[in-house]
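Chains as they are written, first to last, in the numbering used here: chain E, 199 to 705; chain A, 177 to 481; chain P, 33 to 366; chain H, 4 to 328.
Everything below concerns the one structure shown next.
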Amino acid sequence: MLQETTTSRLKPAIALEGISKSFPGVRALSEVSLSLYPGSVTALIGENGAGKSTLVKILTGIYQPDAGVIRVDGEETHFPTAQSAAYAGVTAIHQETVLFDELSVAENIFLGHAPRNRFGLIDWKKLNGDARELLRRVGAEIDPTIRLRDLGIANKHMVAIARALSIDASVVIMDEPTAALSHKEIHELYELIDRLKADGKAILFISHKFDEIFRIADRYTVFRDGGMVGEGLIADVTQDQLVKMMVGRDVGQVFPKVDVAIGEPVLTVSGYRHPTEFEDINFELRRGEILGFYGLIGAGRSEFMQSLIGITRPSAGAVKLDGEVLVIRSPAEAIEAGIVYVPEERGRQGAIIGLPIFQNVTLPSLHRTSRSGFLKLANEFALAREYTQRLDLRAASLDQDVGTLSGGNQQKVVIAKWLATQPKVIILDEPTKGIDIGSKAAVHAFMSELAGQGLSVIMVSSEIPEITGMADRVIVMREGRIVGRFERSELSAEKLVRAAAGISEAA
Amino acid sequence: ENKKIALVVKALGIGFFEAANKGAQEAAKELGDVEIIYTGPTSTTAEGQIEVINSLVAQKVDAIAISANDKDALVPALKKAMDRGIKVISWDSGVAPEGRAMHLNPSSNPLIGNMIIKLAADHLPEGGDVAVLSASATATNQNTWIEEMKKVQGNYKGINVVATVYGDDLADKSYRETQGLIQSYPNLKAIIAPTSVGIVAAAQAVEDAGKVGQINVTGLGLPSEMAGHVKAGSSKSFAIWNPIDLGYSATMIAYDLIGGAEAKPGAELKMGRMGTVKLDENNEGAMADPFVYDASNVEEFAKIF
Amino acid sequence: MAERTLSPRVIPDRLQSRGNRLLKSWESLLLVVAVLIFTINSFASPYFLDPWNLSDATFNFTEKAMIAFAMALVIIAGEIDLSVASIIALSSTAMGLAVSFGFDTPVLIAVGLGTGLVCGMINGLLITGLGLPSIVVTIGTMSLFRGLSFIILGDKAFTGYPASFAYFGQGYVWWVFSFEFVLFALFAAIYSVLLHKTNFGRAVYAIGNNQTAALFSGVRVGRVKFILFLLTGLMAGIASICLTSRLGSTRPSIALGVELEVVTMVVLGGVSILGGSGTIPGVVLAAFIMGMVTFGFGLLNVPGIVMSIFIGVLLISVIALPILWARARRRVAH
Amino acid sequence: MAKILKNREILLVVAIAALLMAITLRFPGFVAPANLARVYNDTSILIILALGQMAVILTRCIDLSMAANLALCGMVAAMINAAFPGVPIPLVILAVVVLGALLGSINGLLVWKLDIPPIVVTLGTLTIYRGTIFLLSNGAWINAHQMSDAFKALPRAPLAGLPVLSWLSVLAIAAVYLLMTRTPVGRAFFAVGGNPHAAVYTGIDVGRTRFLAYCLSGALAGLSGYLWVSRYAVAYVDIAAGFELDIIAACVIGGISIAGGIGSVPGAVLGSLFLGVIKNALPVVNISPFAQLAISGTVIIIAVAVNARAEKRKGRVILKKAEAV
Ligand SMILES: Nc1ncnc2c1ncn2[C@@H]1O[C@H](COP(=O)(O)OP(=O)(O)OP(=O)(O)O)[C@@H](O)[C@H]1O
Ligand SMILES: Nc1ncnc2c1ncn2[C@@H]1O[C@H](COP(=O)(O)OP(=O)(O)OP(=O)(O)O)[C@@H](O)[C@H]1O
Ligand SMILES: [Mg+2]
Ligand SMILES: [Mg+2]
């Protein structure tokens, strides 16, 4: 309780009061308050879409709040631009790496506040030197003069961290900084955070990984559906309590997995490899089975799945569907053969924003709804109505632009789109990413139902509860290879994480 | 009611045609019952002229007098105009015979062809290399004059035509082509440019290359545009017919045709103060000899056109 | 939290009736503009309301509009083809060459169409085969195709087209309806159906709105785009036949600058230059508007360049006005 | 070696050298220093314009109105000089540079404040600016004799062996190079085009940066307007018609990506020089001038194909073969 009294006596470095923010159709934040204290790490916890990143963007001047005030050292301030937040001493590592591929590492770090010489011109020598120094501080061995595009995802993230530290800030925000990092880098980051803490910085740390939250945080704040539902000292809570706050009920109910009789093999993949992305992929998928693919971000699951539907070409390997060898050169051919892929990047690869809901749903099935190449709108509406209703879509009309739907509802349209092709095998890549619990349940229930009817499902997911809740079998991938296979009976969160992170059982 | 005569030019804004318009207005005043519609496209294209012709046909003008950007491409549009009872003549730059009742040459082609080479030869008693800078590749008249020039080339001893290049009636292209000529032919003594755009650009290029006195630029040009270059010495002399008289005559001929005169070989058409023009077997007539301008008279004419 | 029941909720197909939507559309705005220009023209000039004159006026836009239909599809799919005017020139040159070898009309037609198709194929292969940006590729082929005409023709011209060839640009099908106008109407119908009523048209929209998602959804993106460039090539070939027939001659500078007029027509017709939206009726209306403006100004002997200022202002303002209007309404709502 | 070949600028230098060598085989005089200086001088205006276009393309926009802007500013310069021959030439130049920047800023404002796509904006202003010349001049030409001697003399005045025109382009190259590499605005051009989304996170105002790029291209077009008119000693509606495509071609050949974010000042300069050498060489080596267009078209296509190959994304590297041991 000593710590409690110390922090409450300290003045917050930055405080948010009654912040609200809405997007068309979504209330991302409603009247949340949050204080960050010097020399202390506050963990911000919440499900996908709870509003964490939105809060970060408000704190860094990228979004403007609809209501509420921000106080820096007790004084009310506004951050009309990202630069003004930086001047006020707030810096952030954002969830998406927002960097410039074509610029050098050093420039990525200092863009917007580069050191200048006495003529007001950018001083490249000092810039490169300072960048080298900063990179050393974060423990990354990167040449600051090379182009950013030549770095891997983990190093890019280290550059983003260096960029955040290049601003002499009193408040440091980290939005899922470890998601793309490997073991070694994560430990360096922990050390860095310890140092920042010792320097008296106020730190906001967002993460879905409870082990690291308990490792580095002093305080916690939990968000649910855009509202704050709890805060306090880490020392006073257990993981179960935090999860319960986050989700609002016991977790078990979310995954209505029905046991179905698993049939003969439908899809057989053998010896699949690609020069740079993956190799030695062998597995079988059986009728009625839900096969989970687990791994950390960047493990290459998406790349492999996309090669199955002809987006990229594997350099070797064979696919058999119902015992017959298939050569698939494009998604169109995959759909014809009965293998469909629901992509992970909804905005870029899934939804066609600008087209109405029904046209999104029927796009891959047009050959069935049309007659000799001519559209039949009535058929299209019927097909779209059938599938969207079963996924419990909420929309004003089927003629509405998908762009006007909330993320979860967009995801339902995307899933409906590929289900409407009546596939034999469906590959779902992060199917419930960014959708609310109710919709998640609807998607999972439908998945179970389809498996019961004999559809085979591959489910790529980075959410352990989803994997353990829904999969009959799990394959774990790491750096482009299969590193573990688990039956439902032997599944545990710990085993999955260890396999995915490359930590041996003994350690 | 006034008779409407349209004077269609290659492109609006060219000094030569503005001067022709002056002549047409003069004719209109003299005739009393004529309204001149002075028009043309804004760049020298056949398609632009066709759109202009279409709108003139729609306005039911009584006559069209045109200086053509393309001898052949205008024929269908002008034929249609004639079908609707409009008298069509061409002047300066001609239209193929099917597309007009008659063509008024500013001067006769052989005379011009002879004139331009004579202008060069007059200042080259010992002969030497000369090059031709022509106008737009699609212009009709230039190429005819160059042909005529080549026919009489033998009469000028020692004059050696080494090249013909095209400036497309664009100042910058003509300039660059002239530079190319100066580069390629170190012994070049004269450049003949039978086009008012080309001659100016060529004179400028010669001055910029420091070749004044070495290369003489001559051909056909407007006194107002050439006065500076004659003074600078890059052009010793050049020739042109009087565009005012040309516009005047074209208007008079058109009026004569509206009044019922018939354009056929051998016919004589009235041109007011310019007398009459006699048509040859192609229904073409020539106005007069080109007139030579040099340091002695160019300033005086520069004030007029 | 109570478990949410999966009670099926019926989502209506449409909220707005078709009529209601039509009223608020871009096309109705264009229609108003077109009617306005028509009315102003008929008051401004006594010669405007004459069937033959109106018929002549259609030649101001028919050839460009035929290309604009195919261009609309290309732009909706998120690409652009700036080489169309040069394809006209090269097709015309090829036909002229055929004439000089003594071929007759049927062969000329085949040569004209064939050249257009080959040019379209070259664009298509460079853009979809090598994955190059269409704006740069077609700036390149724009110079290349016209350059080839210049190499073939130099300062010469092809003339002497057979008499029967004159029909395509100068013939009348019935009364004041020229062959070109009838062809224009026919293509307006064909392209309307192709874009709005077929699977192919739907694929075009899908590609324009989100090419990656369209690919993932089983649209053969490369093939569709390739066909689109073939179509612009083909339409440029057809326009070339009409224009060559109308002029009765070929010079390499034929149809200079037409590509910008075609693009202007398409954008004025409400096609988003960023791809993804637009309709053929919009383009048809834009064609009429541009034709009427040119002809109306022409009757008043206004120089062509003043018309182009007008078109330029029209282009920017019809796009800016809805944006400003929406902004003003939002301000009032606040 | 492979690395050197990947560098666009060096590749271009090699290409230009090869081109010059080929020309020399047929016409040795072409590579005489005096002639090379003449070719450079002839390309100067294209270089100045390409620098402005580069800034705009870097920000993921395009300026089709540059040549029209040039023509309008040139006409205004000529008209000022014709009406008031006493006005000092530097003042005339300043006036048209400001006018050019103003015309550019109209483009910039429409792109920034109204979010109209750049290609539509500049397609519209292209015709409007050209039309305005006609309205101003009534279509009439302004000829050499109407211009003062000082007006015509400036670009051709020799200075340390080169005409002032050449020096002006050298100055423009140096200034833009400094702007691009050493100032925050210049770097912002790259950032905005490379990743507009990330630029917002960096605190860069995307719209304002684009606006500035258009102002720069406008100002350079204004300067070129005076240079063009005084050099060719004539001003009329159609000067430099279609030149916008040459400018874009120079940029593309110089390796400036039409998708924004990639490009360099040396690239733009070399791209312009490449076109300039071809243009000047054709009349000299007796290749029909009619072939010129086809040749530049082919060059553009080859250049964009080469650049695209260099830019082609290699797939992500996930497999860690070395570390897997
Ligand atoms: N620019 C935007 N436009 C519309 N909706 C948005 C926008 N940004 C966020 N949202 C919505 O606001 C809600 C909160 O999103 P936010 O990104 O803050 O969640 P999060 O808590 O960071 O989730 P995650 O753990 O997945 O990162 C979501 O419903 C999201 O779809
Ligand atoms: N080097 C990199 N540069 C930029 N982005 C990267 C890089 N590596 C990975 N990413 C991004 O990280 C995300 C995850 O990568 P990827 O899809 O390959 O992995 P995965 O194993 O499928 O993981 P998941 O499906 O959990 O996202 C993708 O959005 C990808 O674009
Ligand atoms: Mg987030
Ligand atoms: Mg993935």
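All C-beta atoms, glycine included, are put in the ideal place defined by N, C-alpha and C.
Hey, out of the options, whose CA is closest to residue i's CA?
{"i": "Thr62(H)", "options": "Asn198(H), Ile305(H), Ala147(H) and Ala222(H)", "result": "Asn198(H)"}
{"i": "Ile259(P)", "options": "Leu215(P), Leu140(P) and Thr160(P)", "result": "Thr160(P)"}
{"i": "Arg234(P)", "options": "Gly250(P), Arg363(P) and Phe211(P)", "result": "Gly250(P)"}
{"i": "Leu215(H)", "options": "Ile109(H), Leu322(H) and Ala20(H)", "result": "Ile109(H)"}
{"i": "Leu182(H)", "options": "Asp373(E), Glu339(E) and Leu319(E)", "result": "Leu319(E)"}
{"i": "Leu15(H)", "options": "Val272(H), Ala243(H) and Met82(H)", "result": "Val272(H)"}
{"i": "Leu242(E)", "options": "Ile495(E), Pro529(E) and Ser405(E)", "result": "Ser405(E)"}
{"i": "Ala262(H)", "options": "Glu300(E), Ile340(E), Leu440(E) and Asn315(E)", "result": "Glu300(E)"}
{"i": "Gly172(P)", "options": "Ile298(H), Ala311(H) and Leu322(H)", "result": "Ile298(H)"}
In chain A, what lies closer than 9 Å to residue i by C-beta?
{"i": "Ile242(H)", "result": "Leu346, Ala347 and Asp348"}
{"i": "Phe327(P)", "result": "Glu227, Asn230, Ser231 and Ala234"}
Measure the C-alpha to C-alpha separation of residue i and residue j and round it to an integer number of angstroms.
{"i": "Ser413(A)", "j": "Val67(P)", "result": "58 Å"}
{"i": "Ile312(P)", "j": "Phe216(P)", "result": "12 Å"}
{"i": "Lys574(E)", "j": "Ala352(E)", "result": "49 Å"}
{"i": "Ile555(E)", "j": "Tyr585(E)", "result": "11 Å"}
{"i": "Thr343(E)", "j": "Ala178(H)", "result": "24 Å"}
{"i": "Ala433(E)", "j": "Gly337(E)", "result": "29 Å"}
{"i": "Phe329(P)", "j": "Ile122(H)", "result": "26 Å"}
{"i": "Val369(E)", "j": "Phe232(P)", "result": "54 Å"}
{"i": "Val17(H)", "j": "Glu383(A)", "result": "35 Å"}
{"i": "Gly344(P)", "j": "Ile119(H)", "result": "14 Å"}
{"i": "Tyr132(H)", "j": "Ile291(E)", "result": "46 Å"}
{"i": "Asp305(A)", "j": "Tyr351(A)", "result": "19 Å"}
{"i": "Asn336(A)", "j": "Leu223(H)", "result": "44 Å"}
{"i": "Val449(E)", "j": "Gly428(E)", "result": "Since pLDDT at Val449(E) reaches only 48, below the 50 mark, its modelled position is unreliable, and no value is offered."}
Return yes when the C-beta of residue i is under 6 Å from any heavy atom of ligand 1, and no when it is not.
{"i": "Thr436(E)", "result": "no"}
{"i": "Lys610(E)", "result": "no"}
{"i": "Val600(E)", "result": "no"}
{"i": "Thr252(E)", "result": "yes"}
{"i": "Gly548(E)", "result": "no"}
In chain H, what lies closer than 7 Å to residue i by C-beta?
{"i": "Glu386(E)", "result": "Ordered by position in chain H, no residue passes the 7 Å Cβ test against Glu386(E), which lies about 17 Å from the chain."}
{"i": "Glu410(E)", "result": "Within 7 Å Cβ-Cβ: nothing; Glu410(E) doesn't reach chain H, min ~23 Å."}
{"i": "Leu164(P)", "result": "Val307, Ala308 and Ala311"}
Could you tell me which chain P residues have their CB closer than 8 Å to the CB of residue i, listed as they occur along the chain?
{"i": "Asp118(H)", "result": "Ile355"}
Taking residue i as the query, report the chain A residues whose CB atoms sit under 8 Å from its CB, ordered along the chain.
{"i": "Gly330(P)", "result": "Glu227, Val228, Asn230, Ser231 and Ala234"}
In chain H, what lies closer than 8 Å to residue i by C-beta?
{"i": "Ala194(A)", "result": "One point to set straight first is that residue 194(A) is Glu, not Ala, in the sequence displayed. The answer, in chain order, is Ala143."}
Which residues in chain P sit within 9 Å of residue i, going by Cβ to Cβ distance?
{"i": "Ala377(A)", "result": "Residues of chain P passing the Cβ test: none, with the nearest at roughly 18 Å."}
Run down chain E in chain order and give the residues with a C-beta less than 9 Å from the C-beta of residue i.
{"i": "Asn241(P)", "result": "Ile550, Ile551, Gly552 and Leu553"}
Quick one: list the residues of chain E neighbouring residue i, beta-carbon separation under 7 Å, in chain order.
{"i": "Gly250(P)", "result": "Pro529, Ala530, Ile533 and Pro562"}
Residues in the segment 264 to 283 of chain H having any Cβ partner in chain P nearer than 8 Å: none
Name the residues in the segment 153 to 184 of chain P whose C-beta lies less than 8 Å from a C-beta of chain H; which are they? Leu158, Leu162, Gly163, Leu164, Pro165, Ile167, Val168, Val169, Ile171, Gly172, Thr173, Met174, Ser175, Leu176, Phe177, Arg178, Gly179, Leu180, Phe182 and Ile183
Closer than 9 Å, Cβ to any Cβ of chain E: which residues of the segment 196 to 218 of chain H, in chain order? Gly196, Gly197, Asn198, His200, Ala201, Ala202, Val203, Tyr204, Thr205, Gly206, Ile207 and Asp208
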